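Colleague:
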Amino acid sequence: FYHTVDIFSNNVNCDEVIRSELSTYKVTIQEPNVAVDEHQNKGTWTAIFGQGFEVIIGGKKWFAFYKYTEDKDGNYTSHCSETMTGWFHDAAPIVPATPPLHWGCYHGEKAGPKTVRVHAPSSAMDSDEIFKAEDELQKMLEEKATTWTVGPNMLEGMTLRDAKRRIGGGRSRRHVAQQLSATHASEEVDPKLPKSFSWRNVDGALVPVRDQQQCGSCYAFGATEMMSARVRIGLLRQGKKVPKTPSIFDPMVAMLSPQHVVSCSQYSQGCDGGFEYLVAKYGQDFGIVSDHCFAYESGLRVQENTAVPCEYQCPESQRYFVHDYHYVGGYCGNSSVPQLMEELVTGGPISVGILCTPDFMHYQSGIFKPVEGAERYAKNPFEDTDHAVLLTGYGEENGTKYWEVQNSWGTSWGERGFFRVIRGEDALHLETTGFVAHPYVPEF
Numbered sequence: 001f002y003h004t005v006d007i008f009s010n011n012v013n014c015d016e017v018i019r020s021e022l023s024t025y026k027v028t029i030q031e032p033n034v035a036v037d038e039h040q041n042k043g044t045w046t047a048i049f050g051q052g053f054e055v056i057i058g059g060k061k062w063f064a065f066y067k068y069t070e071d072k073d074g075n076y077t078s079h080c081s082e083t084m085t086g087w088f089h090d091a092a093p094i095v096p097a098t099p100p101l102h103w104g105c106y107h108g109e110k111a112g113p114k115t116v117r118v119h120a121p122s123s124a125m126d127s128d129e130i131f132k133a134e135d136e137l138q139k140m141l142e143e144k145a146t147t148w149t150v151g152p153n154m155l156e157g158m159t160l161r162d163a164k165r166r167i168g169g170g171r172s173r174r175h176v177a178q179q180l181s182a183t184h185a186s187e188e189v190d191p192k193l194p195k196s197f198s199w200r201n202v203d204g205a206l207v208p209v210r211d212q213q214q215c216g217s218c219y220a221f222g223a224t225e226m227m228s229a230r231v232r233i234g235l236l237r238q239g240k241k242v243p244k245t246p247s248i249f250d251p252m253v254a255m256l257s258p259q260h261v262v263s264c265s266q267y268s269q270g271c272d273g274g275f276e277y278l279v280a281k282y283g284q285d286f287g288i289v290s291d292h293c294f295a296y297e298s299g300l301r302v303q304e305n306t307a308v309p310c311e312y313q314c315p316e317s318q319r320y321f322v323h324d325y326h327y328v329g330g331y332c333g334n335s336s337v338p339q340l341m342e343e344l345v346t347g348g349p350i351s352v353g354i355l356c357t358p359d360f361m362h363y364q365s366g367i368f369k370p371v372e373g374a375e376r377y378a379k380n381p382f383e384d385t386d387h388a389v390l391l392t393g394y395g396e397e398n399g400t401k402y403w404e405v406q407n408s409w410g411t412s413w414g415e416r417g418f419f420r421v422i423r424g425e426d427a428l429h430l431e432t433t434g435f436v437a438h439p440y441v442p443e444f
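Start counting the sequence shown at 1; every next residue gets the next number (the UniProt record's numbering).
1) Please list, in chain order, all residues of the same chain as Tyr68 whose beta carbon is under 7 Å from its beta carbon, the five residues on each side excluded.
2) Quick check on the DSSP output: the beta strand (DSSP E) that includes Arg166 runs from which residue to which?
3) As a quick exercise: from Pro258, Trp62, Gly270, pick the residue whose alpha carbon is nearest that of Asn289.
4) Of the choices Trp62, Gln51, Gly50, whose alpha-carbon is the least far from that of Thr44?
5) Measuring only the C-alpha atoms, how far is residue 510 from Met140?
6) Take Ser265 and list the residues in its own chain whose beta-carbon comes closer than 6 Å to its own, dropping the five residues that flank it on each side.
7) Compare the C-alpha of Tyr312 against each of Glu21, Phe294, Tyr325, Thr98 and name the closest.
8) Determine which residues share a DSSP beta bridge with His107 and list them.
9) Can you list, in chain order, the residues of its chain with a C-beta nearer than 6 Å to that of Gly274? Leave out the 5 residues immediately preceding and following it.
10) In angstroms, rounded to a whole number, what distance separates the CA positions of Phe368 and Gly204?
11) Less than 8 Å between C-beta atoms, sequence neighbours within five positions excluded: which residues of the same chain meet that for Glu70?
12) According to the neighbour-count rule (16 or more other Cβ atoms, all chains shown, within 10 Å of its Cβ), is Arg117 buried or exposed?
13) Taking its Cβ as the centre, do 16 or more other Cβ atoms sit within 10 Å of Gln212, making it buried, or is it exposed?
14) Which class does His260 belong to by DSSP, given the choice of helix, strand or coil?
15) Could I get the ranges of all uninterrupted beta strand (DSSP E) runs contained in the region 335-408, with 3 residues as the minimum, in chain order?
16) Give me whichever residues DSSP pairs with His119 in a beta bridge.
17) Quick check on Glu16: does DSSP put it in helix, strand or coil?
18) When we look at the beta-carbon of Val207 and count the other beta-carbons within 10 Å, is it buried (16 or more) or exposed?
19) With DSSP collapsed to three states, give me the class of Ala295.
20) Let's see if you can read the secondary structure: which residues bound the beta strand (DSSP E) around Ala64?
21) Spatial neighbours of Gln300 within its chain, please: C-beta separation below 7 Å, excluding the five flanking residues on both sides.
22) Per DSSP, which one or two residues make a beta bridge with Val34?
23) Under the three-state reduction of DSSP, which class applies to Ser181: helix, strand or coil?
24) Does Ile7 come out as helix, strand or coil in the three-state DSSP assignment?
25) According to DSSP, what are the bridge partners of Pro439?
26) In three-state DSSP terms, what is Ile248?
27) Check each candidate in Arg210, Val261, His39 and name the one with the smallest Cα separation from Arg416.
28) Do the region 147-156 and the region 193-204 touch if we need at least three Cβ pairs shorter than 8 Å?
29) Relative to the C-alpha of Ala64, which residue among Ala97, Tyr106, Lys72, Gly74 is closest?
30) Between which two residues does the alpha helix (DSSP H) holding Glu142 run?
31) Would you report the Cα separation of Ile422 and Lys401, rounded to the nearest angstrom?
32) Select from Gly108, Asn407, Glu54, Gly373 the residue whose C-alpha is nearest the C-alpha of Ser23.
33) Would you list the residues sitting across from Thr83 in a DSSP beta bridge?
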């Protein structure tokens, strides 16, 4: 890592200070998630899908995106041995519910030969072509789906560009190998856990189902709804009464603002996607305001091609901060069914990513189970896209074990905005990348 001094705050302009004299800090990254520095200090690291990584070592957190460049024809070159300019700071804040101190900037280079990869532009879903009806696929699914009800594809009639935003906005996990170990295969569910559980049955625990509209902001909804629920559960455990639908006049139990993340976070790409991990990182580094301070508008402005500016109504003191965040299992790709169930019951809802497969897009109700060969009947261009949702419970119906999941496509979709999916088979790749954050809970 080539880094500046750590004398800055979280408003540091890295484009300016990175030009100053840099020091070198050598860190060795080891599988699966061990980091060792030049002084033999040990720490941890995780990939953030194919976008970047974060290393925690020597009392510091180091985050950067992987480096890429784009030419005039839209071809991307991945500089696999380098990072973009990133940030580092104290691993934890000194004062609770405040940003960490001692910021600096850095860029990373892997020792040894440099490698690059060129990617042609993927424009299949970046057009104004209309998403067509898929009658043949729907008919095939109606014949073969036995545990769920099939309906028309919710994307029908949208432009391909809007459809892409709806299902993730370009988030992709194609570069992340599934890392379930042999240990996970033999893990057993804690017998003390209930046979079924749902945070929907706890009054005030969940925020209402919302609609991201035609904006690739699922990551912001999945993360802020997870953090909102955990704040609300923390208040309930303090004996406080939390309303199901927060009042705009009761900001301390209101919903966290996905718009704040979409408009303000340098760790995300607005309506073009992002990751829950980096939403929580933003929550630790800068804090996130409530929805009553910064209501959601992005999905309504996409047609105008106008970004919502980073402007909100609350003072800086009215922010929720995160004191810790991590993937379930310790690093990206290492979640398991027993871990998810235990974290869900003891900690609260979990952000998870799903692959929006062609058959899933025809879901209406029931327990979704993938139908083999469905992709062969799809008539529209489709990309390997990851959609962020909120894991809220689990159960069993007619001998089929399932997960209960809250989506961000409004209450008219699925089972009043929720869906169920078969549990224990990693359907939609839901079970591999659970993510949680631990926000500070206000004390009244």
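By construction, the Cβ of each residue, glycine as well, lies at the ideal position given by its N, Cα and C atoms.
All values reported here derive from a predicted model rather than from experimental measurement.
Modeller: Let's see:
1) Here residue 68 corresponds to residue number 68 of the sequence shown, with the count starting at 1. Once the five neighbours on either side are set aside, the close Cβ partners of Tyr68 are Tyr76, Thr77, Ser78, His79.
2) Residue numbering aside, residue 166 sits at position 166 when the sequence shown is read from its first letter. Looking at the DSSP string, Arg166 is not in any beta strand (DSSP E); the run it does join, the alpha helix (DSSP H), is 160-166.
3) Position 289 of the sequence shown, counted from the first residue, corresponds to residue 289. The residue asked about is misnamed: residue 289 is Val in this sequence, not Asn. Selected option, being the one with the closest Cα: Pro258.
4) In the sequence shown, counting from the first residue as 1, residue 44 sits at position 44. Selected option, being the one with the closest Cα: Trp62.
5) The displayed coordinates of the chain run from 1 to 444. Any statement about residue 510 would go beyond what the structure contains.
6) Locating residue 265 in the sequence shown gives position 265, where the first residue counts as 1. Excluding residues within five positions, the ones whose Cβ falls inside 6 Å are Tyr282.
7) Residue numbering aside, residue 312 sits at position 312 when the sequence shown is read from its first letter. Comparing alpha carbon positions, the residue from Glu21, Phe294, Tyr325, Thr98 closest to Tyr312 is Phe294.
8) Position 107 of the sequence shown holds residue 107. Within the DSSP secondary-structure output, His107 pairs in a beta bridge with Tyr2.
9) In the sequence shown, residue 274 corresponds to position 274, counting from 1. These residues qualify, in order along the chain: Tyr219, Ser268.
10) Position 368 of the sequence shown, counting from 1, holds the residue named residue 368. Position 204 of the sequence shown, counting from 1, holds the residue named residue 204. Straight-line Cα distance between these residues: approximately 27 Å.
11) One-based indexing of the sequence shown puts residue 70 at position 70. Sequence-distant Cβ neighbours of Glu70 in its own chain, meaning closer than 8 Å and more than five residues away, are Tyr76, Thr77.
12) Residue numbering aside, residue 117 sits at position 117 when the sequence shown is read from its first letter. Here Arg117 is exposed. Its C-beta has fewer than 16 other C-beta atoms within 10 Å.
13) Within the sequence shown, numbered from 1, the residue matching residue 212 stands at position 212. Buried, since its Cβ has 16 or more Cβ neighbours within 10 Å.
14) Position 260 of the sequence shown, counted from the first residue, corresponds to residue 260. It is helical.
15) Entirely contained in the region 335-408, the beta strand (DSSP E) runs reaching 3 residues are, in chain order, 350-355, 363-368, 386-397, 400-406.
16) Within the sequence shown, the letter at position 119 stands for residue 119. The partner list for His119 (beta bridge, DSSP) reads Tyr76.
17) If you number the sequence shown from 1, residue 16 lands on position 16. Helix at Glu16.
18) Position 207 of the sequence shown, counting from 1, holds the residue named residue 207. With 16 or more Cβ atoms within 10 Å of its Cβ, Val207 is classed as buried.
19) The sequence position of residue 295 within the sequence shown is 295, counting from 1. For Ala295, the three-state secondary structure derived from DSSP is coil.
20) As a first step, residue 64 must be located in the sequence shown, where it is residue number 64. Its beta strand (DSSP E) spans residues 60-70.
21) Numbered from 1 along the sequence shown, position 300 holds the residue referred to as residue 300. Strictly speaking, residue 300 in this sequence is Leu, with Gln absent from that position. Result list for Leu300: Gln213, in chain order.
22) Along the sequence shown, read from residue 1 onward, the residue named residue 34 stands at position 34. In the DSSP output, where bridge partners are listed per residue, Val34 has Gln30, Thr44.
23) Sequence index remark: in the sequence shown, residue 181 carries index 181 (1-based). The predicted model places Ser181 with a pLDDT of 43, which falls under 50 and marks its position as unreliable; any figure quoted below should be read in that light. Of the three classes helix, strand and coil, the one that applies to Ser181 here is coil, per DSSP.
24) Working through the sequence shown from its first residue, we reach residue 7 at position 7. In the structure shown, Ile7 falls within a coil segment according to DSSP collapsed to helix, strand and coil.
25) The residue labelled residue 439 in the question sits at position 439 within the sequence shown. DSSP, once it has assigned bridges, lists Val322 as partnering Pro439.
26) Residue numbering aside, residue 248 sits at position 248 when the sequence shown is read from its first letter. Its pLDDT being 45, under 50, Ile248 is placed unreliably in this model, and the value from its coordinates should be taken loosely. DSSP, reduced to helix, strand and coil, places Ile248 outside both helices and strands of the structure shown, so it counts as coil.
27) What you label residue 416 is simply residue 416 of the sequence shown in a count that begins at 1. The option with the nearest alpha carbon to Arg416 is Arg210.
28) Result no; under three Cβ-Cβ pairs closer than 8 Å.
29) Taking the first residue of the sequence shown as 1, we reach residue 64 at position 64. Comparing Cα-Cα distances from Ala64 to each of Ala97, Tyr106, Lys72, Gly74, the minimum goes to Tyr106.
30) As a working mapping, residue 142 is identified with position 142 in the sequence shown. For Glu142, the uninterrupted alpha helix (DSSP H) run begins and ends at 135-144, by DSSP.
31) Here residue 422 is taken as the residue at index 422 of the sequence shown, counted from 1. Here residue 401 is taken as the residue at index 401 of the sequence shown, counted from 1. When only Cα atoms are considered, Ile422 and Lys401 end up about 6 Å apart.
32) Residue 23 sits at position 23 when you count from the first residue of the sequence shown. Between Ser23 and the set Gly108, Asn407, Glu54, Gly373, the nearest pair of CA atoms involves Gly108.
33) Here residue 83 corresponds to residue number 83 of the sequence shown, with the count starting at 1. Listed as beta-bridge partners of Thr83 by DSSP are Tyr66.
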